[in-house]
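Residue numbers (our numbering): 174 to 373. Yeah, the Cβ is synthetic: ideal placement off N, Cα and C, and Gly gets one too. Here the structure is a predicted model, which is why all the values come from computation and not from measurement.
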């Protein structure tokens with residue numbers, strides 16, 4: 174997959190009052206910066222690693238998810254005109270060339286009240302498709318408990334993507350699997366369905 178060009182600033186968001194271009198350039202909300210390294214690692218792994226539970230409740234991240242191997246974590250804080258956006262991402266490559274990623278962005282209340290959950294999720298969806306120069310081939314409404322979400326499939330020359338976006342409070346979760354259509358990603362659905370929010 175030739176996706177290095179999509180690793181840095183994949184979103185060109187223009188939500189009201191939000192400097193999303195700066196956020197995307199700094200942390201790459203859905204295609205995090207560490208994914209470039211993950212691609213290089215994926216090409217050298219001989220066999221798909223075993224699943225490992227990624228637990229983040231203890232660190233105050235608020236969720237757990239099952240991912241293959243040892244995910245690489247990145248965290249960042251970005252200052253924008255509307256306040257401070259805290260982000261984090263976990264990325265793991267597999268032996269078949271797929272890349273699994275989960276990320277979130279916590280938005281300031283000032284930005285959240287000016288937009289709807291659909292706006293956040295739609296901008297994430299469109300930004301991902303545009304960066305990959307891909308086509309959205311399917312979209313379905315989903316939920317995470319009582320929280321709204323979208324399940325999206327994107328096809329592009331860079332690879333196939335299965336993604337889910339969830340809006341939880343003031344946080345946008347993005348889960349995605351980027352894979353080669355010729356080899357597939359048999360664990361994609363298990364990964365996408367494994368996220369669990371921590372009890373409050």
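For residue 248, the number of other beta carbons within 10 angstroms of its own is below 16, and it is reported as exposed.
Less than 8 Å divides the Cβ of residue 329 from the Cβ of residue 306. If you compare the alpha carbons of 351, 251, 304, 332 with that of residue 261, the shortest gap goes to 251.
Looking at the DSSP output, residue 252 sits in a beta bridge with 257. With fewer than three CB-CB distances shorter than 8 Å, the region 285–298 does not count as touching the region 355–367. By the beta-carbon neighbour count (other beta carbons within 10 angstroms, threshold 16), residue 373 is exposed. For residue 332, the beta-bridge partners assigned by DSSP are 329. Around the beta carbon of residue 276, 16 or more other beta carbons lie within 10 angstroms, which makes this residue buried. Beta bridge pairing from DSSP links residue 279 with 259, 344.
If the five residues before and after residue 310 are omitted, its C-beta is found closer than 6 Å to the C-beta atoms of 326, 328, all from its own chain and listed in chain order.
Across the structure, residue 266 and residue 240 are spaced so that their CA atoms are roughly 10 Å apart. Between the alpha carbons of residue 263 and residue 361 lies a distance of about 15 Å.
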